[in-house]
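A quick write-up on the structure given underneath.
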Amino acid sequence: MGKAIEVTIADGTLRGKQGKDYHDGLFYSFLGIPYAKPPIGERRFKAPEPVEPWKGVKDATKRGAECPQFMAVTFGNEDNCLNLNVFTKELGQGLKKPVMVFVHGGGFVSGSNRPDMLYGPQFLMTEDIVLVTINYRLGLLGFLSLKDRSLNVPGNAGMKDQVMALRWVQRNIQYFGGDPDNVTIFGESAGSASVHFLVVSPLTKGLFHKAICQSGCVLNPWATGKPNAAEVAKAMGYRSDADESYILKKMKNASVGTIMRGQNKFQFNFNPNYIRPTSIVVEYPNEGAFLTQHPLDILKAGAQNQVPMIMGYNSLEGLFFEMLGRMSKFEYNRLPMSLESDVPNNCDVDASDTKLVAKVASDIKKFYYKDEKISKANKPIRYLINNDTVFMYGIQKSIQLHKKTSSKPIYAYRMSIESNLNVCKMFAQTKSPRMFSFLMGLSMITGLCPDLIVCGCTRPGLNGRAGQS
1 MGKAIEVTIA DGTLRGKQGK DYHDGLFYSF LGIPYAKPPI GERRFKAPEP VEPWKGVKDA
61 TKRGAECPQF MAVTFGNEDN CLNLNVFTKE LGQGLKKPVM VFVHGGGFVS GSNRPDMLYG
121 PQFLMTEDIV LVTINYRLGL LGFLSLKDRS LNVPGNAGMK DQVMALRWVQ RNIQYFGGDP
181 DNVTIFGESA GSASVHFLVV SPLTKGLFHK AICQSGCVLN PWATGKPNAA EVAKAMGYRS
241 DADESYILKK MKNASVGTIM RGQNKFQFNF NPNYIRPTSI VVEYPNEGAF LTQHPLDILK
301 AGAQNQVPMI MGYNSLEGLF FEMLGRMSKF EYNRLPMSLE SDVPNNCDVD ASDTKLVAKV
361 ASDIKKFYYK DEKISKANKP IRYLINNDTV FMYGIQKSIQ LHKKTSSKPI YAYRMSIESN
421 LNVCKMFAQT KSPRMFSFLM GLSMITGLCP DLIVCGCTRP GLNGRAGQS
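Under UniProt numbering, the first residue of the sequence shown is numbered 1, with each subsequent residue one higher.
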């Protein structure tokens, strides 16, 4: 462990340690800092509550717990998973360094801020910034949504965790040398969609000043969910006619492991027309609501937070589903090859209008397949369709709407670099060019010009105050 260092913030005193960046420069790290009360007991499924101040010195030299998820070996982490990490080169108020807050991906059911996995600080800390990486509740624990208003479980608890983390940044980042008036939020995949949801939410006004979305947005079909008590009851093994109050009572008392095992029965369903109950929902009006309008309506009206943005995607995001298929028995392997099954949700067509569905499917087939017959032999074409429908279309549409209704600039990118470090390429065993995994780690990639990556990620946050180019 590096040299110990202490800092006193609004909630108490923390003991951190020194680390080294990619170029052997020194920085301080403070790990596992709690930003909310443990989401247990009556707080399970509810909006987070601010952490209570502590006495003495809290050890922040070891990583905090991950939020429960399907890839965990054990599930005993729920009580202390709402934590964040802070990395900085200098301590002290008045330094006013740009702040970057990273939101991890993982389909809203997995991932964490672990610095020893994909999201370490070594590359980004070569720049003069203050970096924050956060945890938030995942799966049913973070996104259970019930229609019965008397139960007070409107959904989006995981997103409200992110809002609470941003409030913590506003209250405390000055003690780490950061500028609370120059905060950039950024994320990848589901973390990118989260960032975009933070941009459109009325709950986040003034909590950040710039945003970077990497491979995910509010208009991607997988990003929005809906309350589905029947699906949850079926997965949890409850009686088929169970009402929401019964479901909530059972799930409040269920072990984390039991909830994870039930969640596993539907969370791998990647059928294009399946809307999972573990994504962001439009809530009924309630105090502290994260989202009460559809994101598309918010963007059309220009009612989003007006902040400068960067948004983009990789050239073949659809290859990710092939990687999932080789790693496990994911729903992608059981998708019907007929394009008609994809049309209603991905193309916003009424499923009951069978003639229109058939026509749209026929047009798509002609565009992508030309005269070829759909088969497993030409599955790479399917990757392109997935790329366009699951990622690119929503991102392109979002960019156009921001351009039309925002007073701040938005910059678009498309990454198409060919690299041996491509995680999806490794699992898919394909030689197709123009691919790059959106699981680009902040600490694990060592052969792809890290200075170039870091420059692209941090310079928008470094160059002046919010709104300046």
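Built from N, CA and C at the ideal position, the CB exists for glycine as well.
These figures come from a predicted structure and were not determined experimentally.
- Contact between Ser110 and Phe70 holds: their C-beta atoms lie close to 6 Å from each other, under 8 Å.
- Around the Cβ of Asn85, a 10 Å sphere holds 16 or more other Cβ atoms; the residue is buried.
- Collapsing the DSSP output to three states places Ile395 in a helix.
- DSSP, reduced to helix, strand and coil, places Glu340 within a helical segment of the structure shown.
- Of all C-beta pairs linking the segment 136–154 to the segment 94–109, three or more are shorter than 8 Å, placing the two stretches in contact.
- For His402, the number of other beta carbons within 10 angstroms of its own is at least 16, and it is reported as buried.
- Assignment of beta-bridge partners to Gly12 by DSSP yields Ile9.
- Pro98 carries a strand assignment under DSSP once its states are collapsed to helix, strand and coil.
- Bridge partners of Leu299 according to DSSP: none are assigned.
- Under the three-state reduction of DSSP, Pro180 is assigned to strand.
- Going by DSSP, Met311 is part of no alpha helix (DSSP H) but of the beta strand (DSSP E) stretching over Met309 to Asn314.
- Distance from the CA atom of Pro154 to the CA atom of Pro48, rounded to whole angstroms, is 13 Å.
- Taking the Cα of Ile298 as reference, the smallest distance to any Cα among Asn386, Ala254, Arg276 and Val218 is reached at Val218.
- The closest CA to that of Ala223, considering only Lys234, Asn182 and Pro295, is found on Pro295.
- When C-beta atoms of the segment 377–391 are compared with those of the segment 303–320, three or more pairs fall below 8 Å, so the two segments count as touching.
- Under the 8 Å Cβ criterion, the segment 182–201 counts as touching the segment 160–173, having at least three qualifying pairs.
- Here Leu141 is actually not in contact with Leu248; their C-beta atoms are around 13 Å apart, not less than 8 Å.
- Approximately 22 Å separates the beta-carbon atoms of Gly178 and Gln214; this is outside 8 Å, ruling out the contact.
- In the three-state reduction of the DSSP assignment, Ile33 falls in the strand class.
- Under the three-state reduction of DSSP output, Met415 falls in the strand class.
- A Cβ-Cβ contact shorter than 9 Å links Lys89 with Asp128.
- Ala301 and Ser315 have their C-alpha atoms spaced approximately 30 Å apart.
- Boundaries of the alpha helix (DSSP H) around Leu141: Gly139 to Phe143.
- Setting aside the 5 residues that flank it on each side, Ala211 is surrounded in the same chain by Ile185, Val195, Val199, Val307 and Met309, each with a C-beta closer than 6 Å to its C-beta; the list follows chain order.
- Here Asp21 is actually not in contact with Met117; their C-beta atoms are around 17 Å apart, not less than 8 Å.
- For the options Arg382, Ile173 and Cys347, the alpha carbon positioned closest to that of Lys97 is the one of Ile173.
- The three-state secondary structure of Phe27, taken from DSSP, is strand.
- If you look at Gln214, you'll find it in the beta strand (DSSP E) that goes Lys210 to Gln214.
- Here the alpha carbons of Thr278 and Val99 stand approximately 29 Å from one another.
- Among the bridge pairs identified by DSSP, Thr133 is matched with Asn85 and Phe102.
- With contacts defined by Cβ atoms closer than 9 Å, Gly312 and Ala157 do not form a contacting pair.
- Under a 10 Å Cβ-count criterion, Trp54 is classified as exposed, with fewer than 16 other Cβ atoms of the shown protein chains found around its own Cβ.
- For Ile247, the secondary structure class from DSSP, reduced to helix, strand or coil, is helix.
- Among the bridge pairs identified by DSSP, Pro50 is matched with Ala36.
- Secondary-structure assignment with DSSP links Ala4 through a beta bridge to Lys17.
- Our two residues, Asn220 and Glu283, have alpha carbons roughly 18 Å apart in a direct line.
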